[in-house]
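Just below is one structure, and these are the notes that go with it.
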Amino acid sequence: MVTQQAGSARSLRVGVDIGGTFTDLVIVDDDEGSVRLEKTPTTPGQLSQGILRGLDSAGISGDAIGHLAHGTTVGINTLLQRRGARTGLLTTKGFRDAYEIGRGARPDVYNLHFRKPQPLVPRERRLEVDERLAVDGQVVRPLDEASVRSAMEVLRRYEVDTVAVCLIHAYVNPAHERRVAEIVREGLPDAFVCTSHELVREWREYERTSTTCVNAYIMPRTGEYIDDLITGLEAQGYANTLFVNQSAGGVMSATTAKWKPVGTLMSGPSGGAAAAAHVAELMDLPGGIISFDMGGTSTDVAVIEGGTLPITADAKIDRIPVMVPMMAIESIGAGGGSIGKVDEVGALDVGPQSAGAEPGPACYGGGGELPTVTDADLLLGRLPKERFLPGQMSLDEDAARKALDQHVGEPLGLTPEESAAGIVELVNLKMAMAVRSLTVERGLDPRDFSLFAFGGAGPMHACAIAEELGIPKVIVPLAAGQFSALGILMSDIRHDFVRTAAERLREPTAEELSEEFGAVEGEARGTLEREGVAPGDMAFSRSVDLRYAGQEYTVNIPVPSGALDHDGLVQVFEAFHSRHQQVYSHSSPEEQPELVNLRVAAIGRLPSLKLQRLPIGSSEPGTASVVGSQSIVFDRSEDVVESPVYDRASMEAGNVVKGPCIIADMGSTTVVPPTATGELDEFGNLVIHVEEQASQTARSDQ
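Residue numbers for the sequence shown follow full-length UniProt numbering, beginning at 1 and rising by one.
Following this line, the structure appears as structure tokens:
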């Protein structure tokens, strides 16, 4: 069970997730076997202060912390808000405009108003250097260092903060890129410099250039944030390595994150998805799970099948290609802080604009005047006012009512309660559409999955999403409000490596493939050593990107570790044919696949965080767990249903609750509708069974 006792001066482990509205902390004391949960308002002006305040609130000094890992939104917010550095790009002569031209394919062929995203580096700051490599890395034209210095002087006049270096075929032979970077660092000592071969050793010039430019664009702001956080932690006595969560799961040192911030773009959401996969494996759930993380600003959804995290290497952030491994997570602007409004055609809309932490929802009393999803939930009785972050924040129902009436009710001729019900119904539909896009639209039946709901607002809306899509089971994990922070704390060190081998090893033998993997793992081992990982704590996961001759894109297939023989290679090819059939509904087993890329995930194991099984008690919750009652409105009928309120921390494994009811927790609130029943399992997870009647209704609507 989760205890609420702070640790004393001993080695503690801390996981932190900085959201748009709240900063969540999970503090584990291995000596006591206790877990402390903290939630403090995010401080947008200086994000590190939210972490430091959370530690202060827990009564913990830095010298008591042995391990601290956190997820950050600095990189992605800098990119989305276009508030990055003044960036220059140096590329091979003749390829200045490749970055802006991009690909000829349109993501939406029927959209007549489609416009490509504006490049992060405008044309006047994209300069050419005279050099050329062949596709195999051989030098066709030596690097003209005078052209580098000439281009550098132009960038100096533009007063650039960062310089991205991306030369043709540098993924095979990085010698020219290294020399260009040396010259730039000598001539522009105050500028940040990043090279493509340090970020991604993979072909596709446009995507590789885009990734390098994104990294350069967000590097100064991310580095400034990390330095500020380290300074604050050191002032509190923290003397160990600070870790930052990565987009593909796993953590890296803050030192690495400063020069490779592009790997942190999905830093926070990936922690929750990783934790969901871990807990689902412990629960031995049949079928897959849908990770559903609804916070204050956004909702992040991922589909996890067979316990395998959905990793992609060709993601787009705000339509900008980013060619680094990251979890395939669908994010939409729908959260507790999403603002409800009447649009220009007189229709109700919700989001993507958010009240954030400042000023926040109207009911928070922070100066917010616009109605949000949280205000609507409060007015409908879904939030127990007395048990919302007790001792930290009180909720103002009158302010919520005024905001809903003024900005939604009056323009539409609705009561505040009708306005609130409309906002909740609309945001639920938007989130259900996000889940549908990752399941139904990809040939998956959501009824075969369990909905894993967490985040501050996720458990409040999860059952409505499940009913809409016919999902029979909702899982609300232990520490749901801080679940992403818990997932970050569970993570090992991870670094991903890729090598394009299409021209060198198009049809490799088993020996050639083993030799190539050995070389990549040698580099990966060196990286882990620099992170302080002992040899016995290292592990490596291999995979290959394969395709049929003439195809453009690939299918990723795992490769067993160790020496690979002919039979093992045949099994890899057979797995490719099978996966190709599954994904594209056809395959050609008589053809030998072509090798495109080798991939290695290097893992540095950290002390594991184990969730303890709890003794199963009575099915009847104890009297101490019932802490009040609440009048709840579940739909637009405005019918009020009197419902008990349970304190989750006082409940025991085996307790069963029948809807309608509210289960209040530190950092989240679970709403169980009249058609559902919930039970706490042996790991402290709340398993909610949605009645067949609700599921059947949803099926008939699909």
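From the three backbone atoms N, C-alpha and C, an ideal C-beta is built for every residue, glycine too.
Predicted, not measured: the structure shown is a model, and the values here were computed from it.
Contact between the region 402 to 418 and the region 333 to 352 is present: 3 or more CB-CB pairs across the two stretches fall below 8 Å. Excluding five sequence positions before and after Ser11, the CB atoms of its chain that fall closer than 6 Å to its own CB belong to Gly66, given in chain order. Of all alpha-carbon atoms in Glu124, Met219, Thr78, Asp496, the one lying nearest the alpha-carbon of Asp318 is that of Thr78. Every beta strand (DSSP E) stretch that sits fully inside the region 68 to 135 and reaches 3 residues is listed by chain position as 87 to 92, 126 to 129. It is roughly 11 Å from the alpha-carbon of Gly50 to the alpha-carbon of Ala357. Here the C-alpha atom of Ser196 lies approximately 45 Å from the C-alpha atom of Pro371. DSSP places Asn173 outside both helix and strand once states are collapsed to three, so it counts as coil. The beta carbons of Thr87 and Ala216 sit closer together than 7 Å. Excluding residues up to 5 positions away in sequence, Met152, Val163, Val193 lie with their Cβ nearer than 6 Å to the Cβ of Val184 in the same chain.
Apart from sequence neighbours up to five positions away, the residues of its chain that approach Pro621 with a beta-carbon distance below 7 Å are Tyr646, Met651, Asn655, Val657, ordered along the chain. Counting only the Cα atoms, Ala328 lies some 20 Å from Phe576. Judged by DSSP in its simplified three-state form, Ile183 adopts helix. Between Leu89 and Val109, the C-beta spacing is not below 7 Å. For Gln353, no alpha helix (DSSP H) encloses it; the enclosing beta strand (DSSP E) starts and ends at 348 to 354. Sorting Leu469, Cys463, Ile423, Ala400 by C-alpha distance to the C-alpha of Ala434 places Leu469 at the top. Residue environment for Leu680: buried (at least 16 other C-beta atoms within 10 angstroms of its C-beta).
Straight-line spacing of the CA atoms in Arg499 and Glu198 works out to 12 Å.
Distance check between Gly550 and each of Pro535, Phe540, Leu595, Phe573 places Leu595 closest, using alpha-carbon atoms only. For the pair Leu444 and Gly15, the Cα-to-Cα distance works out to about 33 Å. Taking all protein chains shown into account, Ala457 has 16 or more neighbouring C-beta atoms within 10 Å of its C-beta and is therefore buried. Glu369 has its alpha-carbon roughly 12 Å from the corresponding atom of Gly337. Our two residues, Val139 and Glu207, have alpha carbons roughly 23 Å apart in a direct line.
In the structure shown, Thr42 adopts coil according to DSSP, grouped into three states. Your pair Ile289 and Ser450 checks out as a contact, with CB atoms roughly 5 Å apart and the cut at 8 Å. In the DSSP assignment, the residues bridged to Pro644 are Ser629. Around Ala399, the same chain offers Ala362, Cys363 as residues with beta carbons nearer than 6 Å, after the five sequence neighbours per side are excluded.
Cβ-Cβ distances below 7 Å link Gln118 to nothing in the same chain once the five nearest sequence neighbours on each side are left out. The region 586 to 595 and the region 546 to 566 touch, with three or more beta-carbon pairs separated by less than 8 Å.
As the crow flies, the alpha-carbon of Ser543 is around 14 Å from that of Ala510. Counting along the chain, no alpha helix (DSSP H) covers Leu167, and no H or E run does either. Ranking Ala69, Pro560, Arg126, His495 by CA distance to the CA of Asp97 puts Arg126 first. Residue burial is scored here from C-beta neighbours: Ser668 has at least 16 other C-beta atoms within 10 angstroms and is therefore classed as buried. Secondary structure at Asn428: helix, using DSSP grouped into helix, strand and coil.
Distance check between Ala134 and each of Asp144, Leu167, Val160, Arg106 places Leu167 closest, using alpha-carbon atoms only.
Shown here, Ser291 sits in a strand according to DSSP, grouped into three states. By the C-beta density criterion, Leu37 is buried, having at least 16 other C-beta atoms within 10 angstroms.
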